[in-house]
Each structure stands twice: as C-alpha cells, then as structure tokens.
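Remarks on the structure that follows.
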Amino acid sequence: GAGKSTALALIPRLHDVSAGMVQIDGADVRTVTLASLRDATAYVGQDALLFDDSVAANIRMGRPGATDQQVVSAAGSAAAAEFIAALPEGYETHVGPGGQRLSGGQRQRISLSRALLRNPRILLLDEATSALDTESEAAVRTALAHLRRGRTTIVVAHRLSTVRDADLVVVIADGHAVEQGTHAELLEQGGMYARLVRSQALVQ
1 GAGKSTALAL IPRLHDVSAG MVQIDGADVR TVTLASLRDA TAYVGQDALL FDDSVAANIR
61 MGRPGATDQQ VVSAAGSAAA AEFIAALPEG YETHVGPGGQ RLSGGQRQRI SLSRALLRNP
121 RILLLDEATS ALDTESEAAV RTALAHLRRG RTTIVVAHRL STVRDADLVV VIADGHAVEQ
181 GTHAELLEQG GMYARLVRSQ ALVQ
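What follows is the structure, encoded as structure tokens:
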C-alpha cells in the first residue's frame with residue numbers, strides 16, 4: 001500500500017504522473033513514443049500471465065519472431081530448461097488456462113524466459129519471487145541474477161534478499177521515498193531498512 005507498484009507502472013507509462021516527471025537517461029518518458037518506450041522494457045510480476053498454449057508459444061510472446069534455438073536459450077538462462085525437458089511434450093506441452101498445469105515456480109520461470117527473450121534495456125520486477133516456495137525462489141533468483149546483467153533493473157520487493165546486491169535501494173513508506181543508499185549504507189544508518197533487514201535475519 002506504499003505505492004511501490006504504482007511507481008513502477010509510471011516507467012512504461014501505464015499511468016502518467018500528475019506532477020513532476022519520470023526520466024530515463026535524462027529524457028522525460030512522455031517525449032518518446034509509447035511503442036519505443038515499451039519495446040525497451042519488460043515486466044515480470046508476482047502472478048505470471050500464461051496463455052492456454054504451448055510452453056514455446058508462451059515464451060515466444062516476448063519476441064514473436066524468435067527462433068526455436070533462441071526460445072531454448074532464453075529458457076536455459078531463466079533456469080527453466082530442466083523442468084521443461086521433463087514435461088510430457090517438452091516445449092510443445094500445453095500449459096492449460098492460466099498455466100494451471102504448471103507450479104507457481106514453473107510459471108514464473110516461463111515468464112522470466114519470456115522477459116529474457118525480449119532482451120529489454122529496462123527490466124521491471126514487481127514482487128517476482130514473493131509467492132514462491134524456497135526451492136522455486138532459489139531457481140528464480142538464479143534466473144534474475146542472469147537477467148539483470150547489462151541492463152537497468154528496477155525491483156519491487158518485500159523479501160529483502162532480492163535487493164541486497166542492488167546498486168541503490170530506495171525505501172518507500174506512505175507514498176514517499178524515506179531512505180536510499182546501498183544495502184551496507186542503509187544498515188549503517190539504522191533506520192527503517194535496517195529494522196526490516198534484521199527482522200528478516202539478513203545481517204551476516
């Protein structure tokens with residue numbers, strides 16, 4: 001309820017700001033075309049949106065013209081290749097409405113595969129691991145580490161293990177950014193972030 005997901009939605013202009021501006025590389029996002037802005041971004045949320053189609057078709061929605069090899073490569077980078085190979089028909093297995101034939105962690109990795117295939121300049125992750133069990137989260141976190149390389153990644157998370165390696169952590173409370181810095185800097189400040197970290201036993 002602090003406004004984190006709403007703030008994330010301002011980047012691809014799912015909403016527009018009522019005051020001020022959102023800038024990417026110094027440019028107001030409202031000065032570029034929606035098509036170019038959204039081509040440069042990929043979004044992965046808490047609930048992976050899958051269609052009643054094959055695994056391959058769901059991944060390929062990230063880039064409709066992608067080759068089979070590119071689809072397989074994206075799945076490998078998203079820690080999805082092993083479970084896909086074990087499915088009855090591999091990449092041609094139909095996932096059912098909403099992906100109901102797959103587990104939550106499997107659906108999320110298909111969604112991550114789609115984002116990786118898209119190869120965006122900006123990756124938006126909104127609570128992308130919050131609903132996963134421990135084993136699934138470990139696999140997805142491995143995939144996320146790969147996805148973050150070479151691009152700007154903005155992560156919304158309550159599980160602070162997801163953000164401890166970020167270049168900049170911004171703490172939002174009641175619609176305001178109340179703290180910002182690296183994981184180590186915010187721990188040293190002893191504020192809200194430090195209290196949250198200690199409550200999640202992340203201090204080593």
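Residue numbers (the numbering used here): 1 to 204.
Each residue gets a CB set at the ideal place from its N, CA and C atoms; glycine is no exception.
Excluding the 5 residues flanking residue i on each side, which residues of the same chain have their C-beta closer than 8 angstroms to its C-beta?
i, result
"Q200", "R159, L160 and S161"
"A57", "F51"
"V178", "V171, I172, G191 and M192"
"R141", "T129, S161 and T162"
"L14", "none"
Here's a check: name, in chain order, each residue in its chain whose Cβ is nearer than 6 angstroms to the Cβ of residue i, leaving out the five neighbours to either side.
i, result
"Q70", "none"
"D126", "S5, L8, G45 and V156"
"E137", "T129"
"A19", "none"
Look up residue i in the DSSP assignment and say whether it is helix, strand or coil.
i, result
"I11", "coil"
"S136", "helix"
"R195", "helix"
"A75", "helix"
"A42", "strand"
"D126", "strand"
"E89", "coil"
"R222", "Residue 222 lies beyond the stretch modelled for the chain, which goes from 1 to 204, so this question has no answer here."
"G190", "coil"
"D68", "helix"
"A81", "helix"
"S18", "coil"
"Q106", "helix"
Are there 16 or more other CB atoms within 10 angstroms of the CB of residue i, so buried, or fewer, so exposed?
i, result
"H176", "exposed"
"T67", "exposed"
"G65", "exposed"
"G96", "exposed"
"L144", "buried"
"S111", "buried"
Could you please give me the residues that DSSP links to residue i through a beta bridge?
i, result
"D28", "Q23"
"S54", "H94"
"E179", "V171"
"I154", "L124"
Near residue i, what residues of its chain come up, given a Cβ to Cβ distance below 7 angstroms and the 5 sequence neighbours on each side ignored?
i, result
"G98", "L50"
"Q204", "Since pLDDT at Q204 reaches only 46, below the 50 mark, its modelled position is unreliable, and the value read off the structure follows with that caveat. Closer than 7 angstroms at Cβ, skipping near neighbours: no residue."
"A115", "A42, V44, G62, L123 and L147"
"S54", "Y91, E92, T93 and H94"
"P120", "A40, T41, A42 and R151"
Please check the pair residue i and residue j, which I expect to be a contact at CB under 8 angstroms, by giving their CB distance rounded to whole angstroms.
i, j, result
"H183", "R164", "4 angstroms"
"V117", "I59", "Sequence inspection shows Leu at residue 117; the Val mentioned does not correspond to that position. Confirmed, about 6 angstroms."
"A79", "A27", "Not confirmed; about 34 angstroms, so no contact."
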